[in-house]
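Offset between the sequence shown (1-based) and the numbering used here: plus 1061.
See structure below.
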Amino acid sequence: MVITIHGGAFAFGDKRDDLPVIRTLVRAGYAVTSLNYRLSAEARFPAAVQDVKAAVRWVRAHAADHGLDPDRIAASGASAGAYLAVMLGTTPGVAMYDDPALGNPGVSSAVQAVVDFYGPINFASMDDQVRANERCAVSDASHGRPDSPESRFLGRTVAAVPQLVRVASPLNYLGRAPLPPFLIEHGDADCTVPHRQSLELADALRAAGAPAADVTIVPGAGHGGAFPTAERMPAVLAFLSHTLGSHSLGH
1062 MVITIHGGAF AFGDKRDDLP VIRTLVRAGY AVTSLNYRLS AEARFPAAVQ DVKAAVRWVR
1122 AHAADHGLDP DRIAASGASA GAYLAVMLGT TPGVAMYDDP ALGNPGVSSA VQAVVDFYGP
1182 INFASMDDQV RANERCAVSD ASHGRPDSPE SRFLGRTVAA VPQLVRVASP LNYLGRAPLP
1242 PFLIEHGDAD CTVPHRQSLE LADALRAAGA PAADVTIVPG AGHGGAFPTA ERMPAVLAFL
1302 SHTLGSHSLG H
């Protein structure tokens, strides 16, 4: 099972946005769950993380009903969806993210693999990393502003709440529990989420003992539609085959 999580700056988007990736996964033999979550205009952090955790719990609790293996679940996302996928991979057992009111309390929300397409990881370092990229304009370094997607997601201005920014970062939870393998994809011409976010994550995962933290920086690739997702899907499928094993039912 692969759970896909759509992007959209935490503020917009829909699970149907992932249809091209979903079709590729289904053609390769994987079952796919695509989900929606509360957006930033509806609820602030940690609501979206709690929603995707609840989705994993639901899938695991109902796995037998659909002929699925509850011990072979991967999370995949792009941009804001990648942030949520990485949070799934780094926060198993963190109580604040498992809201029993959202269903299936006591069921694990852990995932066994994570695919991260150009996700934001550390809101505090994004602007400095944008400024360090000569491909990007000065105006692209706007993540610390009150109206940035990350500030709206937190419900507070990023630059004014360093402790909340730390709590909201998957980096804050490394070393607390065993980690799944990660596949990370990013373009070096991404001026929306700087590619150094992915390098920062990969370095931290390796230091924390993740079984894999495979990162590919794609030259000249940008964000969203400017990233060659379709061209990178063979690498994703190879990663999933390696981490989840055979995806044939009954094997």
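Cβ coordinates follow ideal geometry from the N, Cα and C atoms, glycine included.
Ranking S1203, P1239, V1191, A1143 by CA distance to the CA of V1155 puts P1239 first. Assignment of A1072 by DSSP, reduced to helix, strand and coil, places it in the coil class. Taking the C-beta atoms as reference points, V1254 is found nearer than 8 Å to P1181. Distances from the alpha-carbon of R1237 to those of H1284, P1153, E1292, H1256 put P1153 closest.
Membership of V1093 in the beta strand (DSSP E) is indicated by the continuous run 1093–1096.
Ranked by Cα distance from T1277, the options M1062, G1286, D1126, T1290 are led by T1290. Between the stretch 1169–1189 and the stretch 1211–1223 there are three or more C-beta pairs closer than 8 Å, enough to call the two in contact.
Fewer than three Cβ pairs drawn from the stretch 1298–1308 and the stretch 1263–1271 lie within less than 8 Å of each other, which leaves the two stretches out of contact. Counting along the chain, F1184 sits inside no alpha helix (DSSP H), nor does DSSP assign it H or E at all. In this structure the stretch 1119–1137 touches the stretch 1063–1078; the number of beta carbon pairs closer than 8 Å is three or more. Spanning the alpha carbons of D1201 and D1275 requires a straight line of approximately 27 Å.
Residue range 1274–1279 is occupied by the beta strand (DSSP E) that includes T1277. DSSP, read as helix, strand or coil, puts S1212 in helix.
For the alpha helix (DSSP H) assignment, the uninterrupted runs of no fewer than 4 residues enclosed by the stretch 1096–1124 are, from N- to C-terminal side, 1108–1122. Counting only the Cα atoms, K1114 lies some 6 Å from D1159. Distances from the alpha-carbon of L1163 to those of V1120, V1191, V1093 put V1120 closest. For Y1234, the closest of A1143, R1099, L1100, G1150 by C-alpha to C-alpha distance is G1150. Bridge partners of S1137 according to DSSP: T1065, V1176. Taking the CA atoms as reference points, E1195 sits about 13 Å from R1257.
Annotation for D1075: H1067, N1097 place their beta carbon closer than 7 Å to its own, counting only its chain and skipping 5 residues before and after. Within the same chain, V1117, I1134, A1135, A1136, L1149, G1150, P1241 come within 7 Å of V1172 by CB-CB distance, once the 5 residues on both sides are set aside. Assigned with DSSP and collapsed to three states, E1246 falls in strand.
For D1079, same chain residues with a beta-carbon under 6 Å away, outside a window of 5 residues either side, are T1065, H1067, S1095 in chain order. Under the DSSP assignment, S1259 falls in the alpha helix (DSSP H) whose first and last residues are 1257–1268. In this structure, T1304 is the residue among T1304, G1285, C1252 with its C-alpha nearest to the C-alpha of L1244. Cα atoms of A1104 and A1070: separation of roughly 14 Å, rounded to the nearest angstrom.
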